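The next block holds one structure in the form of C-alpha cells; read it before the comments.
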Amino acid sequence: MSVTVLVLGPIIIGLILYALPKGAGALARGIGVAVAALTFLLIAIKPDAPDASLPWLSRPFTAAFHLGYGPISYWVVLLLAAITFSGLVALRIPREREFTAQMLILQGSMTGVFLAKDMLLFALFWDLMLIPVFLMMLGWGRPARGPRSHGTAAWRYLIYNVCGGLTLLLATAAFGVVNGSTDVIGAHAATISVGYVWGPWIFAGFAFAFLIKTPVWPLHTWMPDTYAELPPPVVAAVSAIQSKAGLYGFIAIGLPFLSEQMRAAAPLMFVLGLIALLYGAFIAFTEDDAKRVMAYSSLSHLGLILIAIFSFNPIALAGAAVYIIAHGLFSASGFLTLGFIEEREETRSLSHLGGLCAGNPRLSGALMISALAALGLPGLAGFAGELLILTGVYAAGFWWLALIALIPIVIAAGYMLRLFQTIMQGPKRADLPERHDLTWNEGFALVPLVLGLLLLGINPHAVAAPLENGVNVVARSR
Amino acid sequence: MPVAANFATAADIGALMPVSIVALTALVALFFDLLAPNATRRLLAIAVATMGLVAAGIILWAQYPTSYVAFGGAFLEGGYSTVFSMIIVIATIATLTLGLGVGRDDQVAGSTALILWSASGAMLMTGAGNLMTIFLGLELLSLGLYCLCAISVRATAREAALKYLILSSMASGFLLFGMALLFGASGSVALAALAAAKPSLLLFLGAGLFLIGIAFKLSLVPFHVWAPDVFEGAPLSVSAFMSVVTKAGALAVLGRFAYAAIAPGSATAILIPVWTVAALSMLVGNLAALSQTDMKRLLAYSGIAQVAYIVAAFAGQTASGVRYAIFYLAAYTFMNLGAFAVVALMSRDADAVVGVGRFAGLAYRRPWLAALMTFFLLGLAGLPPTAGFTGKILILAATVSGGYAWLGGVLILGTAISIYVYFKIVRAMFTRVDEAHVRDERSPNGLPWITVVVCAAAVFVLGLYPFTPSNVLPLTH
Chain Z
965 MSVTVLVLGP IIIGLILYAL PKGAGALARG IGVAVAALTF LLIAIKPDAP DASLPWLSRP
1025 FTAAFHLGYG PISYWVVLLL AAITFSGLVA LRIPREREFT AQMLILQGSM TGVFLAKDML
1085 LFALFWDLML IPVFLMMLGW GRPARGPRSH GTAAWRYLIY NVCGGLTLLL ATAAFGVVNG
1145 STDVIGAHAA TISVGYVWGP WIFAGFAFAF LIKTPVWPLH TWMPDTYAEL PPPVVAAVSA
1205 IQSKAGLYGF IAIGLPFLSE QMRAAAPLMF VLGLIALLYG AFIAFTEDDA KRVMAYSSLS
1265 HLGLILIAIF SFNPIALAGA AVYIIAHGLF SASGFLTLGF IEEREETRSL SHLGGLCAGN
1325 PRLSGALMIS ALAALGLPGL AGFAGELLIL TGVYAAGFWW LALIALIPIV IAAGYMLRLF
1385 QTIMQGPKRA DLPERHDLTW NEGFALVPLV LGLLLLGINP HAVAAPLENG VNVVARSR
Chain G
814 MPVAANFATA ADIGALMPVS IVALTALVAL FFDLLAPNAT RRLLAIAVAT MGLVAAGIIL
874 WAQYPTSYVA FGGAFLEGGY STVFSMIIVI ATIATLTLGL GVGRDDQVAG STALILWSAS
934 GAMLMTGAGN LMTIFLGLEL LSLGLYCLCA ISVRATAREA ALKYLILSSM ASGFLLFGMA
994 LLFGASGSVA LAALAAAKPS LLLFLGAGLF LIGIAFKLSL VPFHVWAPDV FEGAPLSVSA
1054 FMSVVTKAGA LAVLGRFAYA AIAPGSATAI LIPVWTVAAL SMLVGNLAAL SQTDMKRLLA
1114 YSGIAQVAYI VAAFAGQTAS GVRYAIFYLA AYTFMNLGAF AVVALMSRDA DAVVGVGRFA
1174 GLAYRRPWLA ALMTFFLLGL AGLPPTAGFT GKILILAATV SGGYAWLGGV LILGTAISIY
1234 VYFKIVRAMF TRVDEAHVRD ERSPNGLPWI TVVVCAAAVF VLGLYPFTPS NVLPLTH
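Here the protein sequences come in this chain order: Z and G. Numbering of the first sequence is given in the working numbering, commencing with residue 965 and proceeding in unit increments. Numbering of the second sequence is given in the working numbering, commencing with residue 814 and proceeding in unit increments.
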C-alpha cells in the first residue's frame, strides 16, 4: 500500500495543485515541500513495505501494476524524495504553483520507474517521466543560446528520450510475448528465458533506451543543453535520478534476464563507457558554462558506472550502487548551488564569474563540498564508489580498464577545482553585483544532501550490502 | 432453391435492426424538421438523431453475444459486427454534438439525415457477408459524404467534395472490378465461397483490385492523396466523422476479408501487399504530417498512420490480433474525436480554419483545454497514461506473435516520427507568446466540451483497463 502512495500520491496531489487559485503559489510550494518530506519519511520508516500488485493485462502476456522496493531502488527513491524536498525548499521561480505541481508529478513518475516490478509498468513510467521535464523546460527553461533557441533543447530532450522509450516498448512487448509475463523484475532469474532468437533483439531494444537515458557517447547530445537550460530543482532531479534509470535498467532487467547478451555486449559497452569517461572529462575541462561543466562531468561519471555494471563483478556492482547514489547526491547539490550562483549573478559563464568567495563564504563552502565529493575526496561518498568500482573492475581481470579509468578521475580533480577556483577565488570582479550570501532556505535545502554525502562516505555498506547479496543470488542461480 | 426460403424472417430483420433504426431515424429527423419552429430546428434534429443512435447502441449491446447469419449470408450478425457498429454509433453521436450539426439552421436536418445514412452504410459494411452487401454499404456511406463535404459555401469545400467524388468513384470502380473477378474465380458473391475457391490468377487479381479499393477508403499510402484535401475542405464535424466512421467500416471489411475470405494457403501472398502498404503509411503519413500547418490536414495525415497501426494488428491473422485492432480502433476513436472536439472549441464555426499557430500559448489562456489536448496528443503519440500507450503495446505484441515483428519495428519508427508531429502542438501550447499576436476564437456553444471530457475519460480508463472483447473473430458463415 505504502509503495502505491509513494507513486500515486505526488502525481495526484500535483494535479490537484492546478485547481488552487492562481495566486496561491506560496501555499502550493508549501504543500509540495510537505509532500516531498512525507514521502521521504514514509520511505525511511518503512523500508520493508510489502509489494503492491494489481492485475493489468492477461493477454497477450500477463502484466500487473506491481510496485515494490528493490535493493538499489529503495535508496534511489529515498534520494529522489530528498532532492525534491531540497529543490522545492530553495525554490525561487515565477508561477510557483504550476512549477510545484510539475515537480511533484515528476517525483511520482520517477518513483514509479524505480519501484516498478513489471516491465510494462516500467516502460509506462519511463515515458511518463519525460513529459513534466519537457513541459518545465518549455515553461521555465533559460535558453543557453539566447531566446531564439527557446524550446530547441526541450525538443531534443523529448525526441531522443521518446525514441528510447519506444524501443523499450517494443522490446518489452517482445519479452512479454516470448516469456509470457512481464511481471518479472526482482523475480528469480532462472524461471525466465527469452531464447536465442529473440534475446539479442530484446537486449538491443532495452540497451538503446538505457544508453540514451544514461547517456553515453554518441547518444549524449541532448544532455548538455538540457542540463544547462533546466531550472536548478529539475536539473538536480534529472541528473541525479532520471539519468540513473538506464543504469538501473541494466542492473534490474539486464543482469538477471539477459546476462548472456550482456556478456556478449560487454566489450562494446566498455568502449562506450571509456569514451564517455574520457570525452566527458576533457570537455568538462574546457567548458565555459558552469552547468555544462557539471553536465559533462556527469557524462564522465556515469560512463564509469556503466563499465562497472558490465564487468560482472560483485564488488564493482556494489560500487556501482554506491556511486549511483553518491553521484545523485553531489550532482544534485552541485546543480542546486550553481543555480543559486546563477540567480545571484545572472550568468553562469565562467569567464564572467570570479571572486565570489570573499562576499559569499557560505555559498562558496556549499560549492566546495559538492566539488570535493565529485572529484572523489576520501571520506565523501564519491570516493567510496570509485574505489569499489575500480577494485572490482581490476579484480574481474580488466586491469587495463581500471588503469584507463583512473585518468579521468585525475582530470575530475582538475575540472572540479577549476570550476570552484574560477567562480569563487581570484580578485573580486567589479562588473558583478554584490549580492547576499546563502539564505537560510537555500542552506536548509542543501543540508540533507550534504549529510547524505558524509554518511554514505563513511558507511557505503548500507547501500552496497543488499546488492551484493542480490548479485550473489543471481550468480548462484546461473 | 426457392425464393421463399431466402426471404427475410423475423430473425433476419432483427439482425438488421440497429442499421434500420439508424436509417429510419434520419427520416424521423427530416419529418420533425417540417413541423418544428425555426428556433428549435437545430436542436430538434440533433436530439432525434442522438436518441435514435442511442437506441441502436442499446440494441447492439443486447445483440453482442448472439451470432446469426441473416439473409442467407448477406449480413452476419455477431460480436465482430456489433463491436464495430458500436464504435460507429459512438463516433456518430460525438460528431453530431461536436458542431451541433452541420450547416445552416435550415440545412441541419438534411445534413443530420445524411450523416445517419452514412453511418448506417458503415454499419452495414461491418456485418457484410458477401460482396454485394460490402458494395451497398460502401456506396451508402460514400454518397452521404459527397453531399456533406459540399455543404458549406466555401470554394475549398466544393473542391473537396468534387475531389472526393471523383477519386472515390474511381476506387469504387477498382473495388467493383475486383469483385467481378472474384465472382468469376469463385462463382459466388459470398465471402465464404471465396475461401473455398482454388487459387488462380483471377482470384489473385480480383483480391488485389478489391484490396486497392479498400485501401483507398482506409486512405493508406499510396491511395491517400484525397484524404488531406477532403478533410481540409469539409466542415469540421464531417472531417471528424470521416476520420473514424469511414475507416471503421473499411477496417471491418478488411478484417473479415483477411481472416475469413481467403484460403490459408494463398493468404500470405494476397495479404503481404496490404502489410507493406500499412508499413508505408506509417512512415509517409507521419512524415507528411510533419510539415502541416492546418489542424485538419495534420489530423488527416496522422489518421493515415493511425489506421495503418490498426491494420498492422491484423498481420498474421491471429485471433488476438483482431481484438487488439478493435481495441486500438476504439482508443483511436476517442483520442481523435477528442482532438477534433478541442479544435471545434477553438473555432467560431464549422468552416473556421484552425492553424497550428492558433495553439501558441494556449496553456496560459485556456489551461484546461490545453491540458486535455495534451492528453489526446499523448495518446495519439502512444505515450502513457492513455489508451494509445496500451493499444500500441498490444499491437506490438500482436505483430510479434503473428510473425511480423518487422512491422512492429516500422511501427516504432513511424511513432518516433509522429512524436514530432504531436509535440509540435504541445510545444506551441506551452510556449509563452504575446497575446496580441494570437487570434483567440471560441466555439459558439460549450457542447464540444462534453465530447472532450467523455473522450478524455474513455482514453484514460481504456489505458488502465484494456477492455478487449473476446467474441469478435470475423466469420463468413
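Built from N, CA and C at the ideal position, the CB exists for glycine as well. These numbers come from a predicted model, not from an experiment.
Asked, Found
"If you reduce the DSSP assignment to three classes, tell me which class A990 of chain Z lands in.", "helix"
"Could you run through the segment 1234 to 1256 of chain G and flag, in chain order, every residue whose CB is less than 7 Å away from some CB of chain Z?", "F1236, R1240, F1243 and T1244"
"Determine, using beta-carbon pairs with one atom in the segment 1292 to 1301 of chain Z and one in the segment 1197 to 1209 of chain Z, whether at least three such pairs fall under 8 Å.", "yes"
"Out of G:L975, G:V835 and G:Q876, point me to the one whose CA is closest to V867 of chain G's CA.", "G:V835"
"Tell whether a beta-carbon distance below 9 Å holds between D1082 of chain Z and F1029 of chain Z.", "yes"
"Would you tell me roughly how many angstroms separate the C-alpha atoms of L937 of chain G and T946 of chain G, rounded to the nearest one?", "7 Å"
"Establish whether the CB of L1111 of chain G and some CB of chain Z are separated by less than 9 Å.", "no"
"Excluding five sequence neighbours on each side, which residues of the same chain lie with their C-beta closer than 7 Å to the C-beta of G1292 of chain G?", "This structure cannot settle anything about residue 1292 of chain G, because the visible part of chain G is limited to 814 through 1290."
"With DSSP as the reference, label A1026 of chain Z as helix, strand or coil.", "First, the amino acid is wrong: residue 1026 of chain Z is Thr here, not Ala. Looking at T1026 of chain Z - three-state DSSP - the assignment turns out to be strand."
"Between A1282 of chain G and chain Z, is there a C-beta pair that is closer than 9 Å?", "Note on residue identity: the sequence assigns Pro, not Ala, to residue 1282 of chain G. Not an interface residue."
"What do you get for N1324 of chain Z, buried or exposed, if any count of 16 or more other CB atoms within 10 angstroms of its CB means buried?", "buried"
"Can you name the start and end residues of the alpha helix (DSSP H) that V882 of chain G belongs to?", "Here V882 of chain G belongs to no alpha helix (DSSP H); instead the beta strand (DSSP E) covers Y881 to A883."
"Taking the beta carbon of A1280 of chain Z as the centre, do at least 16 other beta carbons fall within 10 Å, making it buried, or is it exposed?", "buried"
"If you reduce the DSSP assignment to three classes, tell me which class D1091 of chain Z lands in.", "helix"
"Per DSSP, L1021 of chain Z forms a beta bridge with which residues?", "Z:A1027"
"Is the segment 1379 to 1388 of chain Z close to the segment 1334 to 1352 of chain Z, with three or more CB pairs under 8 Å?", "yes"
"Give me the Cβ distance between A1102 of chain G and S1094 of chain G, rounded to the nearest whole Å; I'm assuming they're in contact under 8 Å.", "About 11 Å; that fails the 8 Å criterion."
"Checking the sheet assignment: what are the DSSP bridge partners for L1300 of chain Z?", "Paired residues: none, contrary to the question."
"Let me know the secondary structure DSSP gives A1271 of chain G once reduced to three states.", "helix"
"Can you tell me whether A1439 of chain Z is buried or exposed? The criterion is at least 16 other CB atoms within 10 Å of its CB, across all chains shown.", "In this predicted model, A1439 of chain Z has a pLDDT of only 43, less than 50, meaning its place in the structure is not dependable enough to derive any value."
"For a contact defined as C-beta to C-beta under 8 Å, what are the partners of G1201 of chain G on chain Z?", "Residues of chain Z passing the Cβ test: none, with the nearest at roughly 11 Å."
"Which residues in chain Z have a C-beta closer than 9 Å to the C-beta of S1133 of chain G? List them in chain order.", "R1023 and P1024"
"From the DSSP output, in three-state form, read off E1254 of chain G for me.", "coil"
"With H, G and I counted as helix, E and B as strand and the rest as coil, what does DSSP make of E1406 of chain Z?", "helix"
"Apply the 10 Å Cβ neighbour rule to Y1160 of chain Z and answer buried if 16 or more other Cβ atoms are within range, or exposed otherwise.", "exposed"
"Identify whether A983 of chain Z lies in helix, strand or coil by the three-state DSSP scheme.", "coil"
"Determine, for G1283 of chain Z, whether the minimum Cβ-Cβ distance to residues of chain G falls below 9 Å.", "no"
"Within 9 Å (strictly less), CB to CB, does D1253 of chain Z reach chain G?", "no"
"Say whether chain G places a C-beta atom closer than 9 Å to the C-beta of Y1191 of chain Z.", "no"
"Distance, Cα to Cα, V1235 of chain Z vs H1265 of chain Z?", "14 Å"
"Counting pairs of Cβ atoms below 8 Å between the segment 1073 to 1093 of chain G and the segment 1170 to 1188 of chain G, do you hit three or more?", "no"
"Here's the rule I'm using: 16 or more other beta-carbon atoms within 10 Å means buried, otherwise exposed. How should T822 of chain G be labelled?", "exposed"
"Classify A1240 of chain Z as buried or exposed, calling it buried when 16 or more other Cβ atoms lie within 10 Å of its own Cβ.", "buried"
"Can you pull out the residues from the segment 1121 to 1144 of chain Z whose beta carbon lies closer than 9 Å to at least one beta carbon of chain G?", "L1122, I1123, V1126, C1127, G1129, L1130, T1131, L1133, L1134, T1136, A1137, A1138, G1140, V1141 and V1142"
"With a CB to CB cut of under 7 Å and the five nearest residues on each side skipped, what residues in its chain are close to L994 of chain G?", "L1015, L1018, G1019 and L1022"
"For K1205 of chain G, return the contacting residues in chain Z, with the cut-off set at a CB-CB distance below 7 Å.", "L1133"
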